[in-house]
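Below is one structure, written out as structure tokens; comments come after it.
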Amino acid sequence: MKASRKPAYAHLMLGASAAALALTAQQAMAQEAAQPAPQAASNDAPDAIVVTGIRASLKSSLNIKKTGIGVIDAISAEDIGKFPDTNLAESLQRITGVSIDRSNGEGQFVTVRGFGPDYNLVLLNGRQMPASSLGGSSGAPASRSFDFANLASEGIAGVEVYKSGRATLATGGIGSVINIKTPRPLDRPGLHGSIGAKALYDTSVFQGAAVKPEFSGVISDTFADNRIGISISGSYQDRRASQAQFNAGWREGYLGYENNWGSLPVDANDWRGNFARTENRPGPNTVYQVTQNAGYDFTTFRRERINGQAVVQFKPTDTLVATVDYTFSQNTIDARTNSIGVWFNHNQTSSSWTDGPAAGPNFYAESFGPNEGKDLAITGAVAANRSRNKSIGGNLKWDGPGGLRLELDGHHSTAESKPTAPYGTGIAVGSAIYGVKNQKVDFTKGIPVISVEMYPGAEITAANIRPAGNAFRTAYQRDEINEVSFRGGYDFDASFINSLDFGVTYTENKVRSAFGVIQNDTWGGTLSKADTPDDLYTIRDLPKDLAGISGSNDPSIIPSYFDINTRGLITLLNDRIGICATAVTPGTCLARFDRDRTTRERTIAPYLQTTHTFDLGENPAHLRLGLRYERTKVDSTALVPVPTGTVWTGGNETAIVYGSESSFVTRKGEYSNWLPAVDFDMSPFKNVKFRVSYSHTITRPDYNSLQGGTTLDSPIRIGGSTGASGNPDLLPYKSKGVDISGEWYYGPTSYISIGFFHKVVKNYINQTQVNQPAFGLTNAAAGDRAREARAALGSDATAQSILNYIGNKYPQTVAGRDGAGNVTGVKSLADDPLVNFIITQPTNSNQQARVYGWEFAIQHSFWNTGFGTILNYTIVKSDTKFNNALRYTVPQFAVTGISDSANAVLYYDKKGLQARIAYNWRAGFLGGYGFDPYYTNAYGQWDMSASYEIKKGVTVFAEGINITNASRKGHQRNDQTVFFAAPGYARWAGGARFTF
């Protein structure tokens, strides 16, 4: 019997769909400190000198940090059109306490002080930005995470990371609020610009061109006595890359005494004889996990990124400025994945295990009889997806008499992610060679080693491949934000109160998230070998394309995989057996949405803030007091598909069948919060500053948790099926945080800082589970017909023979047959046993967590040598931890993402030559958990860059990312329950930039 294929194909979908600062981090009050206006050139100095580069940026950031109120981190462009890294996430990881998640070797999401992407809010010029993605392969997109890979860095003036709240800031990030700033022409009068071009060489490419172009440009000018300003920027990048990766799915964490399907034999009485073939079997109270499937994925993708921005400013008087801006970004991914792997039936197995309390496999193996027809899974996947972001905004700012300030700001912004090919956002088209004799996975290597032995006549060649099951998944997400803000303030000339700030913001956030799937569970095979053209499968050297991580050259590893013409295979199967006959659009494989959700959040947020300056003893001190009130109403509408029955396709695979009926369900929720914020700083000694901040912040639940209606997961699983429903009445996560820091500025560009942070977070979301039947669904696999077939055919009967027996005796219950007359599915009947589903619903728990830690930073310039260094280390702790030694059914609570991180940068900046080498490291961390946890191992990466100004305004440069080819790996309860492992690849770039 074959196990459920859902976990492995989820990995395939993720792979295909996703494939699709030399400047340091500075704590600064960048947003609220005005930049000095450029000085006009005097008659004695006809050419004004503008100092740029690493050292100038460091000095400017240090001065802002030293004189500002509160604590933030900031990164600034070194020159117009020149940001320290080509990717914003790569730049942000240089900041103390910030680490990033990478996809296909490129920074994508950020984690701040242990709080992951969903806990960080992204703003563009102070405005809340929408976010969209296509999620995984098993459901509608649900994340609020902003994908930094969508934005090029050339059009960015700076980035600010607010780690503590303040009344004037939009809320939504208990980890941080990240404000991306773009250039404004009136901030730098005159004509300025930059044009750059570079070639990007990616060492990961399996075949084809590895060098691709990238272009960028920005131009800014002012007119009419600097009353009118226009700036335009744009960039284009065409990247080709590849990624090899091991993926594995695992059974739940059993205890050693249990006797479940997939568990190890309990004693020598095991009828299969597996007990004698189990070495160092986990004890009765030891938790262990058994691998369900394992495979190698080889993804090749093209990523085309286009960014653009236009800004127009008009200053009719010295006190009034009007700004209109438009920002556009588009990220298009076209990916192809070829996979080869094995599935375990857990019958004739052998294995070896580490010691507990959470044991892991040294190896796990299974053997099969010559008539079992065990499959070696060969899968092709394609994904062509596009994410597009648009934002148009306007701002009117007036500096009135007597210190009065008024500002009106509004924007309409959208983010949309959808497929660009007729196959959906992520697919898996299965093929197989039937005839595995033995299969084994060795988990003791850097990358687990899969080995197979085939029976004669089933060699790993194209001539022996047959098509099998397939799945076409279509996802869609669109996020629209309409926001209007009125802000005002009054600056006092001389008083205990320096300023009074007030304002109100109205935000409407409307998110549509949809998902559908066409799935054909014909994993036993469809067309014969003779009917399947060999030229659809081109054999490739597996160890060669997997190179770069230990174990890839093991002599026992599967020697080959196949480059599949997946589009040609889809055409063949659709013409012959109509695999996409139910597509919503004829001639495509686009699935009809059976999950379609719309969530609308409306938030009104007034605030009041005062700043104060006074002497504490003989030393100056500053105090900022703020209070923000937020009230949010939530409306959630969900399309709920109505199941009509189930079809047993053999083994433990039972599909849910849906009819044309569906219904929309709408639910509502509402919550409000008072959010105070206090910042205090003083200078007890010259060049020494002490700061304290206290604030309340919130993060809103993910969209999946807010959706209404109930959905069921297919296929049905032996031992329990699953489903989910949402809860729009959820409260947001709420944090109460304290920051304490001390800083010593011992040189013009040198300082040392130490900071402590402490957050208490409540309103965590738990999943409440109810075990019950749903929609009256039954399971033929557990019914009288199945029991009759097994009794008649014996214990060694194959899944196909059982289906054929039922089909021949009860033909009216047959769901389908293949070309050879074999039964492909049996319909369930009303008198079959009901299917119990574990339905989960999110609820706010009374659990709370403490997240705390230390941040250490040093920035030091080595006199006038041009050399300098930036070092920082962040310690993050929590009072929660996942216990790997507990059975998977025991409820647990742990904060994810908690880990230490560090950065080290050595730079040189003198006489037109700039160079930087940087190392970024993050310790291992808990990435998430459901029934079982998954961890990402510690990772460190070296990057470098260098540039030389060969003549005024003309610079040549070179860059290297991950220059040591660092690899990545993740595990579950034990270090050897590896769920992914991937070699790393260096990327190199060289080019030139002209600045004027």
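Residue numbers (our numbering): 4 to 999. Built from N, CA and C at the ideal position, the CB exists for glycine as well.
DSSP, reduced to helix, strand and coil, places Thr-428 outside both helices and strands of the structure shown, so it counts as coil. Close CB contacts of Tyr-922 within its chain, under the 6 Å cut and outside five residues either way in sequence, are with Ala-907 and Trp-945 (chain order). In this chain, the alpha helix (DSSP H) harbouring Gly-571 covers 569 to 580. In the three-state reduction of the DSSP assignment, Lys-913 falls in the strand class, which pools E and B. About 19 Å separates the beta carbon of Gly-819 from that of Ala-594, a gap too long to meet the 8 Å contact definition.
For Asp-537, the secondary structure class from DSSP, reduced to helix, strand or coil, is helix. Trp-677 is classed as exposed because its beta carbon has fewer than 16 other beta carbons within 10 Å across all chains shown. Within the DSSP bridge table, the entry for Trp-651 names Thr-657 and Val-829 as partners.
Pairing Gly-429 with Gly-527 gives a Cβ-Cβ distance that is not under 9 Å.
Secondary structure in the stretch 664 to 750: the beta strand (DSSP E) runs of 3 residues or longer, each lying completely within the stretch, are 691 to 702, 713 to 715, 724 to 728 and 736 to 750 in chain order. Per DSSP, reduced to three states, the secondary structure at Ile-336 is strand. Shown here for Leu-95: same chain residues with a beta carbon closer than 6 Å to its own, the five before and five after excluded, namely Val-101 and Val-113 in chain order. For the pair Arg-605 and Glu-511, the CB atoms are nearer than the 9 Å cut-off.
A straight-line Cα-Cα distance of about 22 Å links Gly-449 and Asn-887. Taking 3 residues as the shortest admissible run, the stretch 766 to 817 contains the following complete beta strand (DSSP E) segments, listed from N- to C-terminal end: 768 to 781. Within a 10 Å sphere around the beta-carbon of Phe-667 sit fewer than 16 other beta-carbons, which makes this residue exposed.
Segment contact: the stretch 334 to 352 against the stretch 375 to 391, three or more CB-CB distances shorter than 8 Å; contact assigned. DSSP, read as helix, strand or coil, puts Lys-955 in coil. Thr-591 and Arg-570 have their C-alpha atoms spaced approximately 11 Å apart. Per DSSP, the unbroken alpha helix (DSSP H) holding Thr-70 starts and ends at 57 to 70. Listed in chain order, the beta strand (DSSP E) elements of length 3 or more contained wholly in the stretch 873 to 944 are 904 to 913, 916 to 925, 928 to 932 and 936 to 939. Cβ-Cβ distances below 7 Å link Tyr-891 to Glu-255, Gly-256, Phe-934 and Asp-935 in the same chain, with the five nearest sequence neighbours on each side left out; the list follows chain order. When beta bridges are read from the DSSP output, Pro-319 appears opposite no residue. For Leu-95, the enclosing alpha helix (DSSP H) begins and ends at 91 to 95. Thr-529 and Gln-248 have their alpha carbons spaced roughly 28 Å apart. Taking the Cα positions, Ala-338 is about 7 Å away from Thr-302. Sorting Arg-634, Thr-752 and Phe-760 by C-alpha distance to the C-alpha of Val-695 places Phe-760 at the top. The C-alpha of Gln-131 lies about 15 Å from the C-alpha of Arg-481.
A Cβ-Cβ contact shorter than 9 Å links Pro-186 with Ser-236. According to the DSSP secondary-structure assignment, Phe-226 is paired through a beta bridge with Ile-231. Sixteen is the threshold: since fewer than 16 other Cβ atoms of the shown chains lie within 10 Å of the Cβ of Pro-319, the residue is exposed. If you check the CB distance, Val-514 and Pro-133 come in under 9 Å. Under the three-state reduction of DSSP output, Leu-172 falls in the coil class, being neither helix nor strand. Glu-369 is not a Cβ neighbour of Gln-295, given a cutoff of 9 Å. Following the DSSP letters along the chain, one finds Pro-546 inside the alpha helix (DSSP H) bounded by residues 545 to 548. 9 Å or more divides the Cβ of Gly-726 from the Cβ of Ser-639.
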